[in-house]
Every structure is written in C-alpha cells, then in structure tokens.
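> Got a structure here, written out as structure tokens. Questions coming.
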Amino acid sequence: MPSLDAIDRNIIRALRANARISNARLAEEVGLSPSACLRRVQLLEQEGVIRGYTAIIGNAAADEGIAVIVQITLERQTEDYFNRFELAVRRYPEIKECYLMTGDSDYFLRVEVASAGDFERVHKEILSALPGLARIHSSFSIRNILQSKRPKAS
1 MPSLDAIDRN
11 IIRALRANAR
21 ISNARLAEEV
31 GLSPSACLRR
41 VQLLEQEGVI
51 RGYTAIIGNA
61 AADEGIAVIV
71 QITLERQTED
81 YFNRFELAVR
91 RYPEIKECYL
101 MTGDSDYFLR
111 VEVASAGDFE
121 RVHKEILSAL
131 PGLARIHSSF
141 SIRNILQSKR
151 PKAS
C-alpha cells in the first residue's frame, strides 16, 4: 500500500462518510483545488487504496437487527480442519463475514440476527454444529459507528 499523507487520509475519511460527495465539496473539505483533489482521488483509485464505491441499503428490518461478532477457535489448526470449517460456514446466510485470523482466535465472524432470541437459534443450530470447534466467544454490537450519523462537533 502506498504511503498516505494527511490529505489522502482526509479524502478517504470524507469519502467513507459520503461517497457521493461532489468533487468541489470534497476539495473544499480537504483544502485543495477541485482539480488537485480529483487527481488525488484518481491516484488513490489507481493505486488500489480506493477499490470501489458502494451503496449501503437500509430497511426497517435491517435497522432493527443486531450484528454479533463471533470469535471461533478450532480444536486443531490443520488444513483439513480449516477446509471443513470454511466449507460449512459458506452454507449459512446469517454469517455475513468470516475472516481467518492470527492471534487467540482462528476465525472472526459477523453474524446478523433479528434479536437475541434469533441469535440463540443461530448459536444452537448453526454455530455449535460447525465442524472442529473448540470455543465460541460472542459479543453483541451496540451500533456501527461508521454507518451511523456523526455526532455534532461541540
């Protein structure tokens, strides 16, 4: 990854908050001329720092849901255990993300559920049935800071 200066970081921060911001407004926020800002954004895209833009689609059901962060430790760290676990995880749409990790846990999962009761079902029927488990540690999210409105500056 290329070295990012303060202006690059400010551009990224502004685009994370609003990827549809106009170039003129972005330039104003980061203290550049519109042409210099556009060149910076294009360079960040070419270097792969900015890999794309997306729309976050909300609906009442998703807004009321709960993201649960689940850390998984397997009984063994062998290729066979990893392969069986990863194959099983792909079968469940409730598991939105799954990362192979370094450190204390082998995998980090993001699970989306409608309620604590729904997570109990997911835990019993899905997570506990995954192959090769040694330990499951779950934490319920309160809110996603990056997808929430920013607090007003004091």
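If you read the sequence shown in UniProt numbering, its first letter stands for residue 1, the second for the next number, and so on. Ideal Cβ positions, reconstructed from N, Cα and C, are used throughout, including at glycine. Remember, it's a predicted structure, so these values are computed and weren't measured experimentally.
Any idea if Asp8 is buried or exposed, counting beta-carbon neighbours within 10 angstroms, 16 or more meaning buried?
buried
> Using 8 Å as the threshold, is the C-beta distance between Gln71 and Ser22 below it?
no
> Measure the Cβ-Cβ separation of Ile142 and Glu94 and say whether it is below 8 Å.
no
> Please list, in chain order, all residues of the same chain as Cys98 whose beta carbon is under 7 Å from its beta carbon, the five residues on each side excluded.
Val89, Tyr107, Leu109
> Which runs of the alpha helix (DSSP H) at least 4 residues long sit entirely within the stretch 72 to 97? Give them in chain order.
79 to 89
> My parser needs the alpha helix (DSSP H) runs of 4 or more residues fully inside the UniProt domain "HTH asnC-type" (4 to 67); what are they?
If we require 4 residues or more, the alpha helix (DSSP H) runs fully inside the UniProt domain "HTH asnC-type" (4 to 67) come out as 6 to 17, 23 to 30, 34 to 46, 60 to 63.
> Could you compute how far the alpha carbon of Asn144 sits from the alpha carbon of Ser115?
16 Å
> If contacts are defined as beta-carbon pairs under 8 Å, then Ile66 and Val113 qualify, I think. What distance do you get, rounded to the angstrom?
5 Å
> Check whether the stretch 73 to 90 touches the stretch 126 to 141, taking contact to mean three or more Cβ pairs, one atom from each stretch, closer than 8 Å.
Enough Cβ pairs lie closer than 8 Å, so yes.
> Which residue from Glu86, Asp80, Glu120 puts its Cα closest to that of Val68?
Glu120
> Kindly identify the DSSP beta-bridge partner or partners of Ser139.
Partner(s): Ile69.
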